[in-house]
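These notes are about the structure you will find just below.
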Amino acid sequence: MQSIHPAIAAFKRIFPQSTAARLHLQTGASLSFCDKVLSGAKQPGAPMLEALLRSDVGKDVLIAVMGAAKPAWWVGYRRHLELSELVKAESHLRKQIEAMQRDIAD
2 MQSIHPAIAA FKRIFPQSTA ARLHLQTGAS LSFCDKVLSG AKQPGAPMLE ALLRSDVGKD
62 VLIAVMGAAK PAWWVGYRRH LELSELVKAE SHLRKQIEAM QRDIAD
């Protein structure tokens with residue numbers, strides 16, 4: 002049975018359209034190899050994983066690779082990522098509240 006690497010599964014979720022072409026552009030791997038990796042016929046290998054980790058989707062790839070692992074550094078890092086997302090959401094909500102307050106005042 003062919004198994005798709007967790008990093009590749011995450012990439013497919015992020016880029017459901019033209020996935021092989023996007024993987025090729027992100028990693029520099031041949032389009033043929035990208036097709037094989039996406040089908041599970043081949044495993045991505047260190048160069049492809051490194052390129053994905055260094056890309057704009059690196060955070061999502063790392064989360065997929067780590068899965069349910071719980072080393073202390075990862076637990077701390079995940080909490081930091083979650084806090085960062087909450088701070089961004091809070092800032093977005095604050096801007097919405099301020100805009101609504103301005104509209105009400107006008």
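Per my numbering, residue 2 is the first one in the sequence shown, and the count goes up by one each step. Ideal placement from N, C-alpha and C gives every residue a C-beta, glycine not left out.
Do you know how far the Cα of residue j is from the Cα of residue i?
i	j	result
residue 40	residue 5	7 angstroms
residue 77	residue 62	18 angstroms
residue 64	residue 33	26 angstroms
residue 49	residue 83	26 angstroms
residue 80	residue 70	14 angstroms
residue 44	residue 75	24 angstroms
residue 85	residue 93	12 angstroms
residue 72	residue 91	29 angstroms
residue 13	residue 89	25 angstroms
residue 31	residue 24	9 angstroms
Around the C-beta of residue i, are 16 or more other C-beta atoms found within 10 angstroms, so that it is buried, or is it exposed?
i	result
residue 9	buried
residue 11	buried
residue 38	buried
residue 87	exposed
With a threshold of 7 angstroms on Cβ separation, who are the neighbours of residue i within its own chain once the five nearest residues in sequence on each side are excluded?
i	result
residue 29	52
residue 54	62 and 63
Going by the beta-carbon positions, is the gap between residue i and residue j smaller than 7 angstroms?
i	j	result
residue 66	residue 15	no
residue 36	residue 22	no
residue 56	residue 18	no
Assuming residue i and residue j are in contact, meaning their beta carbons sit under 8 angstroms apart, how far apart are those beta carbons, in whole angstroms?
i	j	result
residue 47	residue 3	Residue 47 to residue 3, Cβ: 20 angstroms. No contact.
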